[in-house]
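Right, one structure below, let's go through it.
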Amino acid sequence: MILSRRHFIAAALAASTWPAYAAKVAQGLFITDPAKPLAAIDIRDNQGQPAGVATWRGKPTLVNLWASWCLPCVAELPALDRLKPMIEPEGLRVIALCLDRSGAVGAVNTYARLGIKNLAVHVDHERKAGEAFGVAVLPTTLLLDAQAQEVARFVGGAAWDGPESLALLRALIAGKKLEAAMGPPLVKPTANP
């Protein structure tokens, strides 16, 4: 099959969005070696206050990129909501970053529908996070060290409050080298909650 120039360029661009630095996959977990600094983009909380990469420095951080129209994203939000009060006292910041076009309204409505109580609303108003962070698929969860550098990413929905996830996140908090085999199991949504 011969590709037209337009199809070739589109395929090349699509392939280039997958990070070349991601290696050693296991159940959706990709190790970023060496750690990669994140682009500084404008992210705001529900009150319109800055809540971007500069505010993530100082302790390890889990950043989940999601959208209300994404079934696996919505399926994993309750687990992230349960995870936050369990793991934050141990030294991990948990951020759910909404990429909806509707902004905070979409995030607030989704949180209300799911009964989310612990996760703060963070919104990428300019919708630049996906491209800036090299995210091609939602949900994608970035695991950052205390310098706000990506050390791993999980592509797909995960059971973030399960034992495998807790072991992975505790290793991140301790500053240990993460391994692809540490990946949590994938969550498969059954219906739109």
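Letter by letter, the sequence shown follows residues -22 to -1, 1 to 171 of mature numbering (1 follows the signal peptide of the UniProt record, and there is no 0). Even for Gly, the Cβ is constructed at its ideal location relative to N, Cα and C.
Q) Between residue 163 and residue 137, which are expected to be in contact by the criterion C-beta below 8 angstroms, what is the C-beta distance as a whole number of angstroms? A) Sure, about 6 angstroms apart at Cβ, within 8 angstroms.
(Q) On the DSSP bridge list, what partners appear for residue 44? (A) Residue 44 has 76 as its beta-bridge partners, per DSSP.
Q) Taking contact to mean at least 3 C-beta pairs separated by less than 8 angstroms, is the region 65 to 72 in contact with the region 145 to 152? A) A contact exists between the region 65 to 72 and the region 145 to 152.
Q: Quick one: using the 10 Å Cβ neighbour count with 16 as the cut-off for buried, is residue 104 buried or exposed?
A: Around the beta carbon of residue 104, a 10 Å sphere encloses fewer than 16 other beta carbons of the protein chains shown; the residue is thus reported as exposed.
Q: State the beta-bridge partners of residue 111 as determined by DSSP.
A: According to the DSSP secondary-structure assignment, residue 111 is paired through a beta bridge with no residue.
Q: Alpha carbon to alpha carbon, how far is residue 121 from residue 129? Give it in angstroms, no decimals.
A: Going by the C-alpha atoms only, they are around 6 angstroms apart.
Q | residue 101 and residue 89 closer than 8 angstroms at C-beta | A | With contacts defined as CB atoms closer than 8 angstroms, residue 101 and residue 89 fail to qualify as a contacting pair.
Q. When the Cβ atoms of the region 106 to 121 are set against those of the region 14 to 30, are three or more pairs found closer than 8 angstroms?
A. Put simply, the region 106 to 121 touches the region 14 to 30. At least three CB pairs are less than 8 angstroms apart.
Q | Alpha-carbon spacing of residue 142 relative to residue 153, whole angstroms | A | Cα-Cα distance, rounded: 17 angstroms.
Q. Straight-line CA distance for residue 24 to residue 72?
A. Going by the C-alpha atoms only, they are around 15 angstroms apart.
(Q) Within 10 Å of its beta-carbon, does residue 117 have 16 or more other beta-carbons around it, so buried, or fewer, so exposed? (A) Buried, by the Cβ-count rule.
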